[in-house]
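Numbering (the working numbering), first residue to last: 100 to 347.
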């Protein structure tokens, strides 16, 4: 039986043109939602929206830029849609040891990963308003527990957890539920340059002994976007194959 638990909803997904973001777009669409694909790179955005077909809109969205969010809102309004669900997936990495990290490397990651998520939450509050139903799902990472060479990334992702808890407190009276998904290692383009030896080290620490597929992360996000998660807010769901549960 077809699952249509998001029928009639409109979901905006940042970073929606590839990786986890595109998998989220596909999953939410399969469950009945209309999709707004937000990402940088006009060609990538249009290609992703075209791949989804009817009921999908592609918008250029630089998540760290407030004016870009306003432009995305105008594009959605022109379709006659109202956004109910915002999924903040967009993120970048600029890895370097703490001692050698530059101001630019720090700022770039904080701007996109943390500021971008803050602007996404703020925009969602404004767009959903007092309609009484809304969902914000923010994507963090198991880097919230610390990761060598990722001081900027870990700080941003930990910040997302704190931001989410505050947004959940403020959103509850409006019927806006705000939660976090914290994936472990996921098979995306970012992993392409990771040396095999490093990947093997990661896998050795995972009870499930494999990386995640983007679709597995999307399934958890779809749950949080639905009424099946109607009594959850301010929570962090770690989806990491058991990597943070202990030593294996």
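Ideal placement from N, C-alpha and C gives every residue a C-beta, glycine not left out.
Report, in whole angstroms, the separation of the C-beta atoms of residue i and residue j, which I expect to be a contact under 8 Å.
i, j, result
"residue 187", "residue 113", "5 Å"
"residue 167", "residue 159", "7 Å"
"residue 207", "residue 230", "Contact doesn't hold; Cβ gap of about 35 Å is too wide."
"residue 259", "residue 288", "Not really, about 21 Å apart at Cβ, beyond 8 Å."
"residue 333", "residue 242", "That belief does not hold up - the Cβ atoms of residue 333 and residue 242 are roughly 20 Å apart, past 8 Å."
"residue 172", "residue 226", "7 Å"
"residue 147", "residue 157", "6 Å"
"residue 311", "residue 285", "5 Å"
"residue 394", "residue 309", "Past the edges of the chain, shown from 100 to 347, lies residue 394, and the structure says nothing about it."
"residue 219", "residue 162", "6 Å"
So, is residue i buried or exposed, given that buried needs 16 or more other C-beta atoms within 10 angstroms?
i, result
"residue 100", "Here residue 100 scores only 43 on pLDDT, less than 50, and its place in the model is too uncertain to base an answer on."
"residue 221", "exposed"
"residue 201", "exposed"
"residue 247", "exposed"
"residue 128", "buried"
"residue 256", "buried"
"residue 190", "buried"
"residue 330", "exposed"
"residue 197", "exposed"
"residue 319", "buried"
"residue 265", "exposed"
Could you say which of the options lies nearest to residue i if we only look at CA atoms?
i, options, result
"residue 111", "183, 309 and 344", "183"
"residue 244", "237, 238, 254 and 235", "254"
"residue 103", "120, 133 and 137", "133"
"residue 335", "269, 275, 344 and 236", "236"
"residue 234", "283, 326 and 214", "326"
"residue 281", "316, 197 and 250", "316"
"residue 76", "276, 313, 249 and 340", "Residue coverage of the chain in this structure runs from 100 to 347, which leaves residue 76 outside it and unanswerable."
"residue 344", "322, 307, 319 and 323", "307"
"residue 261", "290, 279 and 274", "279"
"residue 324", "117, 123, 118 and 119", "123"
"residue 152", "217, 135 and 139", "135"
"residue 216", "322, 185 and 180", "185"
"residue 143", "117, 165, 125 and 264", "117"
Using the DSSP secondary-structure output, state which residues sit across from residue i in a beta bridge.
i, result
"residue 156", "135"
"residue 184", "110 and 234"
"residue 275", "233"
"residue 178", "Note: residue 178 sits in no beta bridge, so no partner."
"residue 335", "279"
"residue 285", "311"
"residue 195", "249"
So, does the CB of residue i fall closer than 8 Å to a CB anywhere in chain E?
i, result
"residue 206", "No chain E is part of this structure, which consists of one protein chain only."
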